[in-house]
Amino acid sequence: MAGNILADRPVYVVGIGFHRYQRNSDATYVHLGLTAVRAALADAGIDWPAVETAYTGTALLGMGSSRIMLSRLGSTGIPMAQVENASASGSTAVAQASLDVASGRTDVALALGVDKPRAGIAAGPAEAGIENLEGGTIVPFTHFALLASAYLDAHGVTPEQVAAVALKNHRNGAHNPNAQRRQERTLDEIMAEPISGSMTRLQCCPVGEGAAAVIVASDDGIDRFRIDRSRAVRIVASATRTERLYPPGEGIDAALTAETAVDAFDQAGVGPAELDVLEVHDAFSIEELLYTEALGLCPPGEAASLVASGDFDLGGRCAVSPSGGLLAMGHPIGPTGTGQIAEIARQLRGEAGPRQQPAARCGLAHMVGVGAVCVVHLLVKD
Amino acid sequence: MRVGDPPTIVGHECQRCGRCAFPPDPYGCERCGAGVDELDEIELAAAGVIHAIATVHRHHHARPETPFTVATIVLDDGIALKAVLTGDVSAAAIGSRVRGVAVPWETADDGTEVVDLRFEVADIGRGASG
Chain A
6 MAGNILADRP
16 VYVVGIGFHR
26 YQRNSDATYV
36 HLGLTAVRAA
46 LADAGIDWPA
56 VETAYTGTAL
66 LGMGSSRIML
76 SRLGSTGIPM
86 AQVENASASG
96 STAVAQASLD
106 VASGRTDVAL
116 ALGVDKPRAG
126 IAAGPAEAGI
136 ENLEGGTIVP
146 FTHFALLASA
156 YLDAHGVTPE
166 QVAAVALKNH
176 RNGAHNPNAQ
186 RRQERTLDEI
196 MAEPISGSMT
206 RLQCCPVGEG
216 AAAVIVASDD
226 GIDRFRIDRS
236 RAVRIVASAT
246 RTERLYPPGE
256 GIDAALTAET
266 AVDAFDQAGV
276 GPAELDVLEV
286 HDAFSIEELL
296 YTEALGLCPP
306 GEAASLVASG
316 DFDLGGRCAV
326 SPSGGLLAMG
336 HPIGPTGTGQ
346 IAEIARQLRG
356 EAGPRQQPAA
366 RCGLAHMVGV
376 GAVCVVHLLV
386 KD
Chain B
70 MRVGDPPTIV
80 GHECQRCGRC
90 AFPPDPYGCE
100 RCGAGVDELD
110 EIELAAAGVI
120 HAIATVHRHH
130 HARPETPFTV
140 ATIVLDDGIA
150 LKAVLTGDVS
160 AAAIGSRVRG
170 VAVPWETADD
180 GTEVVDLRFE
190 VADIGRGASG
């Protein structure tokens, strides 16, 4: 049964790098990916030959994208593979790289998330040959608009209180040079342009292109390559779960999140009260409320009041989506989960500049993806 | 669905564990793993209660025309599904009783009239399935 090899052989984030998230451009995925990996190598202070395995988190690039990118750093012949896990692809790339290091297979591994948006994405659930009554009418923004509808009704929360999540995350994203949306917004601007239910355009994440890279290493790797140990951030838990059957009408995303969080907290021996910083799958504003509750930061129905009171702001009890989250930093799919880990590592190092959560020591990264899957990582700075 | 008056919804019931599900699954039972040969077709009343509701303003296809309203509906048989609402949607809210109605959708190449199962607020005065 599920043991935690991360407890037996510690794994640390030692290098992070990005290509900023942006609208689809003429840039090739090779350029995007290499930009992030070169930045991560420089951040770690190591050269490419130190990296012993590589995983590319991508949902959209198609077959065989890793080597054509990474060989431009030198054809070292190391094992590489693409990792596809829907929106959690980049998170799963980090999980696989961490597993390689924790198992002793390697001392230094790369997780890279990279994607470019494209039309006509093939998705497993839609191609499973199971007919329903929805006929393509329930796209993601409407799936979450329905969850918002049930949440507003159950807890007496207003649409404006949900929109306040997007207000906060745009404020954070304005301080993130890698964010796709880097502009503070007013509540009036956020409430404009209805898309579905109470969800408006700025309460839905932009899907663009970009890349994020995370290099992980063991204690041996840190010693062997003389990596700066003072900047290493330990990954203390890596949990992945898939959807089970839940009662009719219950939100699967939050139920799955709660189960995955229990696994992660159990692995690490920490609890939600110890979190200083949190990156969640806030593809739609309502999700941040659902997931902060599912992760145990507060009882059901109380997250909106914690957003209003500033508890989830930078400088508050637990900074949520300091990067700007998916809402402002963006959701280029493959990079998103990897980028969350990089943001948490940056926060725990104390290197996040104007969006630094003071004295951040413990952080959590959370992604869900269609299917449904959920991936949670916990990071701690000693 | 089965077009009748009122229309009904076709789902399945697992012989092994008793789980009822919609849509009917061509592969197996998601609870106990029984094969498709152990799933019996069942007819479910197209009647239930709105659990969540949203008016859609942006859609990637020409039909249904925006704005249209969708709902998560918990059927009286305890199964949740999502469907498009029809009729007087301004009367629809969380907790509203709804029932299925067959709405003309298109005429197929062979002349067959294709209908779409949607839900409308059940007028208690009219009784029927709702």
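Going line by line, the protein sequences match chains A and B.
Under our numbering, think of the first position of the first sequence as 6, with each following residue one higher.
Under our numbering, think of the first position of the second sequence as 70, with each following residue one higher.
For glycine and all other residues, C-beta sits at the position ideal for the given N, C-alpha and C.
Taking residue 155 of chain B as reference, the option from B:187, B:78, B:101 with the minimal CA-CA separation is B:187.
The alpha-carbon separation between residue 45 of chain A and residue 344 of chain A amounts to approximately 12 Å. Where residue 375 of chain A is concerned, there is no enclosing alpha helix (DSSP H), because DSSP gives it neither an H nor an E. Counting C-beta atoms within 10 angstroms of its own C-beta, residue 101 of chain B has fewer than 16 neighbours from the protein chains shown and is therefore classed as exposed. Residue 361 of chain A and residue 319 of chain A have their C-alpha atoms roughly 7 Å apart. Per the C-alpha coordinates, the member of A:366, A:315, A:330, A:382 positioned closest to residue 166 of chain A is A:315. Here residue 303 of chain A has 297, 311 as same chain residues with Cβ atoms under 7 Å from its own Cβ, once five neighbours each way along the sequence are excluded. By the neighbour-count criterion, in which a residue is buried when 16 or more other Cβ atoms sit within 10 angstroms of its Cβ, residue 103 of chain A is buried. Proximity of residue 121 of chain B to chain A, defined by a Cβ-Cβ separation below 7 Å, is satisfied. The contact set of residue 111 of chain B on chain A, defined by CB atoms closer than 8 Å, is empty, because the minimum CB distance reaches about 16 Å. Two segments are said to touch when three or more pairs of C-beta atoms, one from each, lie closer than 8 Å; by this definition the stretch 361 to 375 of chain A touches the stretch 269 to 286 of chain A. As a beta-bridge residue in DSSP terms, residue 90 of chain A pairs with A:92. Runs of the alpha helix (DSSP H) spanning 4 or more residues and lying entirely within the stretch 15 to 70 of chain A occur at 34 to 49, in chain order.
Check the Cα spacing between residue 212 of chain A and each of A:268, A:139, A:184: the tightest is with A:184. In the three-state reduction of the DSSP assignment, residue 198 of chain A falls in the coil class, being assigned neither a helical nor a strand state.
Neighbourhood of residue 137 of chain A in chain B, by CB distance below 8 Å: 91, 92, 150, 151, in chain order. In the structure shown, residue 358 of chain A falls within a helical segment according to DSSP collapsed to helix, strand and coil.
If you keep only unbroken beta strand (DSSP E) runs of at least 3 residues inside the stretch 176 to 248 of chain A, you get 199 to 201, 214 to 222, 238 to 247. DSSP, read as helix, strand or coil, puts residue 173 of chain A in helix. With respect to the 7 Å criterion, residue 331 of chain A and residue 287 of chain A are classified as neighbours on the basis of their beta carbons.
Identification of chain B residues near residue 199 of chain A by a Cβ-Cβ cut-off of 9 Å yields 124, 126, 127, 136, ordered along the chain.
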